[in-house]
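Below is one structure; the comments refer to it alone.
Residue numbers (UniProt numbering): 1 to 337.
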C-alpha cells in the first residue's frame, strides 16, 4: 500500500473518514473499482499484504478505515452504526473518487457491510466477495442473537455467533481495553485460541477476566504484525467504538433501515464469493452448504482456505488468488457494455 494515497474528509454525516486509494494512473482496465472492507479488530492496513496481488488486475482500489477505527470517527452510540448510514458513508467515498461501479470485498464485519452496500446501492454492485461471515438476509423482523446461536449449536455442534451478545455488553469494551495483551492472545494464540474465546458465548469474558496469555500462532510472529497490533490495542479506549458494531446488530439497530427494502433484495442477484477459513469458529465453512443459506444467493461460489480466521493476514496471496480467479471467471473485471 506504499503507493496508495491517504485521504481524510468530512462526509455527509459530518463524520471524518480516512481511506487509502490507489493512484488513478495505475489503473489500466476499464472496470469496476475494488472496495476492501476490514473487520474486527483490524483497520485498513490489514489489506497491505493482499493488495500487491490485486493490483495486477489494473483496477482502482479503495480501502477505508471503517467507522470506529483508526483515522475514522469513533462514535459511542450504536445508532451511528446502522447499516444504511454506513453504506451511505461508503457511497460518499466513492462519489468523492468519481467511482460509480464497485466490487465490495469484505472480511469479518467488512463482509456484513459489503453486503449492506449492495442492499442499499444494488445498481452500483455487479458482484460481492466476502469472507469468514455467516451472512443472512436483510433484517425484516427483530432478531434474538442468543436464540440464533442456540439454533446454530444444533446444526454445527457449538453456538456460532453466541459471543455477539456479550461483545455487545458494556463490560466487553471495558475488559478489552483493560487487557490488550490478553485479547491479543485470545485472537491470535496458538492451538486456535479463538475456539475458546469466539467459539463460546462467554469464552472471551472468562479469558480476559483471567488475563490469560498464550504464545501467538506462527504466522503472527512477523514483527510488523506484532508491533502494529500491540500499539493499537494499547491505545486508551480503543475498543469502545468498534464494539458498537456488535451492539447495533444485537440491539436490532439495522431493522428500521432494512425492514422495508424491496423483497427481491432478500436474494443476492449478483455473483457472490465467500471464502471460509477451515478452523474458524466464527463461521464454519459448512454454513454455506446449508440449502436455506444457499437459497439466499443466485450465484454463490464458496471456497475454503486452511486457516483460522484472519485470512488477509494469514493467507494474503491465497485469498487474493481466489478473488482474482473468481472476478475473471464471472467477467467482473470490465464494465458492462
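Glycine included, C-beta positions come from ideal geometry on N, C-alpha and C.
According to DSSP, residues forming a beta bridge with residue i
i	result
residue 6	20
residue 304	276
residue 105	36, 129
residue 297	268
residue 216	189
Expected contact under 8 Å - CB spacing of residue i and residue j to nearest Å
i	j	result
residue 108	residue 90	Wrong, their Cβ atoms sit about 16 Å apart, outside the cutoff.
residue 421	residue 307	A query on residue 421 cannot be resolved here, the shown segment of the chain reaching from 1 to 337 and no further.
residue 324	residue 57	6 Å
residue 29	residue 334	6 Å
residue 3	residue 22	7 Å
residue 248	residue 78	4 Å
residue 332	residue 319	Between residue 319 and residue 332 the Cβ distance is about 17 Å, and since that is not below 8 Å, they are no contact.
residue 231	residue 214	Incorrect: roughly 20 Å between the Cβ atoms, too far for contact.
residue 212	residue 234	Incorrect: roughly 17 Å between the Cβ atoms, too far for contact.
residue 168	residue 251	7 Å
residue 103	residue 34	5 Å
residue 312	residue 46	5 Å
Neighbourhood of residue i by C-beta distance below 8 Å, restricted to the same chain and skipping five residues each side
i	result
residue 374	What is shown of the chain runs 1 to 337, which leaves residue 374 out entirely.
residue 75	15, 67, 68, 81, 241, 244
residue 146	162, 165, 201
residue 287	134, 156, 160, 276, 293
residue 197	163, 186, 187, 203, 204, 207
residue 86	66, 67, 113, 116
residue 236	177
residue 191	214
residue 342	Residue 342 lies beyond the residue range present for the chain, which begins at 1 and ends at 337; the question has no answer from this structure.
Same chain, Cβ closer than 7 Å to residue i, five either side skipped, listed in chain order
i	result
residue 314	219, 307, 308
residue 93	17, 19, 62, 64
residue 10	16
residue 31	59, 333, 334, 335
residue 261	119, 138
residue 337	Note that residue 337 has pLDDT 34, beneath the 50 cutoff, so the model's placement of it is unreliable and the number below is only indicative. Correct list: empty, nothing qualifies.
residue 83	116, 254, 257, 258
residue 24	60
residue 246	164, 167, 168
residue 180	233, 234
residue 153	159
Own chain partners of residue i with C-beta closer than 6 Å, once the 5 adjacent residues on each side are dropped
i	result
residue 129	105, 273, 323
residue 118	125, 128
residue 39	107, 108, 109, 110
residue 149	159, 161, 162
residue 341	Here the chain has residues from 1 to 337 only, and residue 341 is not among them.
residue 176	183, 239
residue 303	275, 322
residue 195	281
residue 266	137
residue 53	317, 320
residue 327	333
residue 226	none
residue 173	239, 240, 243
Distance cut-off 6 Å: residue i Cβ against heavy atoms of the ligand FAD
i	result
residue 103	Ligands are entirely absent from the displayed structure, and the ligand FAD is therefore not among its contents.
Query raised in the report: Could you give the uninterrupted runs of the alpha helix (DSSP H) lying entirely in the segment 218 to 247, keeping only those of 4 residues or more?
Result: The qualifying runs are 223 to 233.
Query raised in the report: Using 8 Å as the threshold, is the segment 59 to 68 in touch with the segment 138 to 155, meaning 3 or more CB pairs across them?
Result: At 8 Å Cβ cutoff, the stretches do not touch.
Query raised in the report: Given 8 Å as the limit, is there contact between the segment 17 to 36 and the segment 199 to 211, that is, 3 or more CB pairs closer than that?
Result: Contact between the segment 17 to 36 and the segment 199 to 211 is absent: fewer than three C-beta pairs spanning the two stretches fall below 8 Å.
Query raised in the report: When the Cβ atoms of the segment 158 to 167 are set against those of the segment 279 to 298, are three or more pairs found closer than 8 Å?
Result: Short answer: they touch.
Report task. Only counting runs of 4 or more residues, tell me where the alpha helix (DSSP H) segments fall wholly within the segment 120 to 205, in order along the chain. Result -> Counting whole runs of 4 or more residues, the segment 120 to 205 contains the alpha helix (DSSP H) stretches 145 to 156, 163 to 167, 170 to 178, 180 to 188, 194 to 197.
Query raised in the report: What runs of the beta strand (DSSP E), each 3 residues or longer, lie entirely inside the segment 36 to 115?
Result: Look at the segment 36 to 115 and you find these whole runs of beta strand (DSSP E), each 3 residues long or longer: 61 to 64, 102 to 106.
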